[in-house]
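Residue numbers (this note's numbering), protein chains in the order written: chain A, 220 to 704; chain B, 399 to 633. Glycine residues also receive a C-beta, built at the ideal position from the N, C-alpha and C atoms. Below is one structure, written out as structure tokens; the observations come after it.
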């Protein structure tokens, strides 16, 4: 029931906003829809925490500790982003960058995007997961090109083609998975792609086929995670689209993509009885971290800078899931949570800062602390949090990843440490003048919504200081489920 | 040919023709013809699916066959033709690699695909297991088409042909995916093409051309002084 509300609300919202999205009150409607979605997610969470995993709608949907926390996180960031986007999009409209009709498209697609992510998270059917992931790409392509500038069209095209081709690989992987499953489960057809069924028979799945399937699935969903060498679409799509979209792409879509990879990994590892999937995840993860850190140095655009930082963090999470085991999985899950909260907060602050300066180039953004102290502090604290400064939550999760790496994969520790250090230098050197430099900027016509920024940062701070026991249990249960060597 | 039933022979013929069509696409520069080739590929898929449905008695295959007919033979080619007419893109420019070169790469790709499909074919119990290699080849050849083309329209045709290859792969390895998934995939393809249609008009409006070399400004070149800054346009 809660699930029905959870999935139907954003769909109805998308339809309603498709009709009324150009009205003056549309942003409020957007917020209201997101709020209902979030409340449904909360109720669902409460129910799963109390009653254990949930299997509904002829087993097509499945809620377990692993995805329920992501559902809540997705709905929460969706809500705060809709709050942030209200003044942000008003300013964009005043600047003449979007028309009322495009705003309608924006609102409608925003809700559709939320739907696809929630479906991808809750579905039990690996085929539907694929469908939802592809739909998530499609619903955001037109959002990336919302401004219709040459650069944004290029970004949108790249996003579409790269993710389209990537996701086609994932479809082939899914076909192979189905092929192997049919052997083990018999040709009942419908049940052979259900994750819960696959999970019970994963020991009998043909290892040769599953190994091949995993390569395709990892490349496919890995493209959406933004794992290097397939990360090219990510910085462009983040930088050229409107900032609320950058925030949800970075904070949510990448999480959902990683979630799909991990779901596949659980199956394949159970079948292969080897460390191949883990080693592949660690390899891709580490490569992404290193590559992203190199590119961090060369950025001039504030949103591109943080987009590369997202690639870096996705690399860390992938690496941690690759190591596996209860501690590393716990750390990866915690890192997913705090990264998504922090990164969206940073994009909120950066978006307002860019609006103020009238440019996304970092050299044009100066002295936020004098012209608008709250944005300045938001950006500064967000950057410190994402760079892993204690006492923020990112520190806790990175610390866990590093200590586990020292024990399990000592060779990787220096690489990770150096990468984190270099990332610190690169980002801090750029954020510092933006916040503390000289400025002559004007105030924004609409008061920026900074509540989301500080709510997110406060949560990250709280998670760094203290993980409440029910949350810890929850992470532990999910970490248990993911398992690993 | 003793011992192989006629319908299976026909199925194998369809598979071979599909591969041939992929090569034709690789060599074809006229975009209208490319779309026609895509439609023919869809028609072959339809025939192959009906044959397979008849052979195996799996009723859901009839449904997906007619889905293929409606979507890939009728609707998408019609939409693409309309787009071509509206946008007036008839020819692709010289591909990045000359055509004989692409063909040679294509040959290597086919050999590679059969190697890749070997373990799967060995395990498959379907009557069409030999076609799995061809399906992989079609997927990878479409990939080559996408890489070597410059026009957005030819890339889209490559993309759709890749989807055809995936469909054929699913069919020959497992007699098709569960119906709900097939519907979802069909829906996604449909939406993808609609989105692309909108997208083409946007590109066109902005650049007066559908040539993708306009879309090469977003490169990593920040250290160059002439790297164009992209200020937010305020008007």
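Where the alpha helix (DSSP H) through residue i begins and ends
i, result
"residue 298(A)", "284-313"
"residue 439(B)", "429-454"
"residue 702(A)", "Premise fails: residue 702(A) is in no alpha helix (DSSP H) and is neither H nor E."
"residue 536(A)", "521-542"
"residue 773(A)", "It is not possible to answer for residue 773(A), since the shown part of chain A is limited to 220 through 704."
"residue 659(B)", "There is simply no residue 659(B) to check, as chain B begins at 399 and stops at 633 in what is shown."
"residue 668(A)", "Careful: residue 668(A) lies outside any alpha helix (DSSP H) and carries neither H nor E."
"residue 220(A)", "No alpha helix (DSSP H) contains residue 220(A), which DSSP labels as neither H nor E."
"residue 522(B)", "Residue 522(B) -> no alpha helix (DSSP H), and no H or E assigned at all."
"residue 611(A)", "Per DSSP, residue 611(A) belongs to no alpha helix (DSSP H) and is neither H nor E."
C-beta neighbour in chain A for residue i, strict 7 Å
i, result
"residue 439(B)", "no"
"residue 601(B)", "yes"
"residue 582(B)", "yes"
"residue 478(B)", "no"
"residue 428(B)", "no"
"residue 567(B)", "yes"
"residue 557(B)", "yes"
"residue 402(B)", "no"
"residue 423(B)", "no"
"residue 629(B)", "Bear in mind that a pLDDT of 41 at residue 629(B), under 50, signals an unreliable position, so the number given afterwards is only what the model happens to contain. Yes, its Cβ sits closer than 7 Å to a Cβ of chain A."
"residue 626(B)", "Caution is warranted here: a pLDDT of 39 is assigned to residue 626(B), below 50, making its placement in the model unreliable, and no coordinate value can be reported."
"residue 390(B)", "Not covered by the structure: residue 390(B). The range shown for chain B is 399 to 633."
"residue 472(B)", "no"
"residue 590(B)", "yes"
"residue 593(B)", "yes"
"residue 579(B)", "yes"
Residue interval of the beta strand (DSSP E) (run including residue i)
i, result
"residue 317(A)", "Residue 317(A) -> no beta strand (DSSP E), and no H or E assigned at all."
"residue 472(B)", "No beta strand (DSSP E) holds residue 472(B); DSSP gives it neither H nor E."
"residue 273(A)", "273-275"
CB contact below 7 Å: residue i versus chain B
i, result
"residue 612(A)", "no"
"residue 390(A)", "yes"
"residue 412(A)", "yes"
"residue 588(A)", "no"
"residue 372(A)", "yes"
"residue 311(A)", "no"
"residue 364(A)", "yes"
Chain-ordered neighbours of residue i on chain A, where CB pairs are closer than 8 Å
i, result
"residue 586(B)", "350, 353, 354, 357"
"residue 596(B)", "361"
"residue 413(B)", "Chain A residues near residue 413(B): none, gap ~16 Å exceeds 8 Å."
"residue 537(B)", "387, 391"
Chain A contact residues for residue i, given Cβ-Cβ distances below 9 Å
i, result
"residue 432(B)", "In chain order: nothing, as chain A lies at least about 17 Å away."
"residue 576(B)", "344, 346, 397, 408, 409, 410, 411, 412"
"residue 504(B)", "Per Cβ cutoff of 9 Å: no residues; residue 504(B) is ~17 Å from chain A at best."
"residue 605(B)", "369, 372"
"residue 564(B)", "387, 390, 391, 394"
Contacts that residue i makes with chain A (C-beta to C-beta distance below 7 Å)
i, result
"residue 516(B)", "Near residue 516(B) there are no residues of chain A at all, since even the closest Cβ is about 10 Å away, more than 7 Å."
"residue 553(B)", "380"
"residue 532(B)", "The contacting residues do not exist; residue 532(B) stays about 14 Å from chain A at best."
"residue 508(B)", "Those do not exist, as residue 508(B) stays about 17 Å from chain A at its closest Cβ, beyond 7 Å."
Chain-ordered chain B contacts of residue i [CB-CB under 8 Å]
i, result
"residue 641(A)", "In chain order: nothing, as chain B lies at least about 17 Å away."
"residue 401(A)", "572"
"residue 384(A)", "541, 544, 557, 560"
Residues that residue i contacts on chain B, provided the C-beta gap is smaller than 7 Å
i, result
"residue 531(A)", "By Cβ distance, chain B contributes nothing, its closest Cβ being about 16 Å from residue 531(A), past 7 Å."
"residue 375(A)", "597"
"residue 240(A)", "Residues of chain B passing the Cβ test: none, with the nearest at roughly 16 Å."
Beta-carbon neighbours of residue i, restricted to chain B and to distances below 9 Å
i, result
"residue 427(A)", "517, 518, 520, 521"
Min CB distance residue i to chain E below 7 Å
i, result
"residue 343(A)", "Among the protein chains of the structure shown, namely A and B, there is no chain E."
> Pairing CB atoms from the stretch 520-532 of chain A with CB atoms from the stretch 447-465 of chain A, are three or more of them under 8 Å?
Replying inline: yes
> Using 8 Å as the Cβ pair cut-off and three pairs as the minimum, do the stretch 543-563 of chain A and the stretch 613-626 of chain A touch?
Replying inline: yes
>> I want to know whether the stretch 587-605 of chain A touches the stretch 482-494 of chain A - three or more CB-CB distances under 8 Å.
In response: no
> Using 8 Å as the threshold, is the stretch 505-524 of chain A in touch with the stretch 324-338 of chain A, meaning 3 or more CB pairs across them?
Replying inline: no
>> My parser needs the alpha helix (DSSP H) runs of 4 or more residues fully inside the stretch 454-509 of chain A; what are they?
In response: Taken in chain order, the complete alpha helix (DSSP H) segments of 4 residues or longer contained in the stretch 454-509 of chain A are 462-467, 473-491.
> Can you list, in chain order, the stretches of the alpha helix (DSSP H) that have 4 or more residues and sit fully within the stretch 318-365 of chain A?
Replying inline: 319-341, 345-363
>> Quick check for students: name the residue ranges of the alpha helix (DSSP H) that lie wholly in the stretch 376-463 of chain A, counting only runs of 4 or more.
In response: 414-419, 426-444, 452-459
> Per the contact definition of three or more C-beta pairs closer than 8 Å, is the stretch 477-497 of chain B in contact with the stretch 521-539 of chain B?
Replying inline: no
> Are at least three pairs of beta-carbons, each pair with one atom in the stretch 372-381 of chain A and one in the stretch 499-507 of chain A, less than 8 Å apart?
Replying inline: no
> How about the stretch 298-306 of chain A and the stretch 249-256 of chain A: do they share at least three Cβ pairs that are nearer than 8 Å?
Replying inline: yes
>> Across the stretch 375-385 of chain A and the stretch 310-329 of chain A, are there enough close Cβ pairs to call them in contact, namely three or more that are closer than 8 Å?
In response: Per the Cβ contact rule, the stretch 375-385 of chain A is not in contact with the stretch 310-329 of chain A (fewer than 3 Cβ pairs under 8 Å).
> Between the stretch 683-702 of chain A and the stretch 493-510 of chain B, are three or more C-beta pairs nearer than 8 Å?
Replying inline: no
> Any contact of the stretch 434-442 of chain A with the stretch 385-404 of chain A, i.e. 3+ C-beta pairs under 8 Å?
Replying inline: yes
> Which runs of the alpha helix (DSSP H) spanning at least 4 residues fall entirely within the stretch 494-571 of chain B, listed in chain order?
Replying inline: Qualifying alpha helix (DSSP H) stretches, in chain order: 497-521, 529-546.
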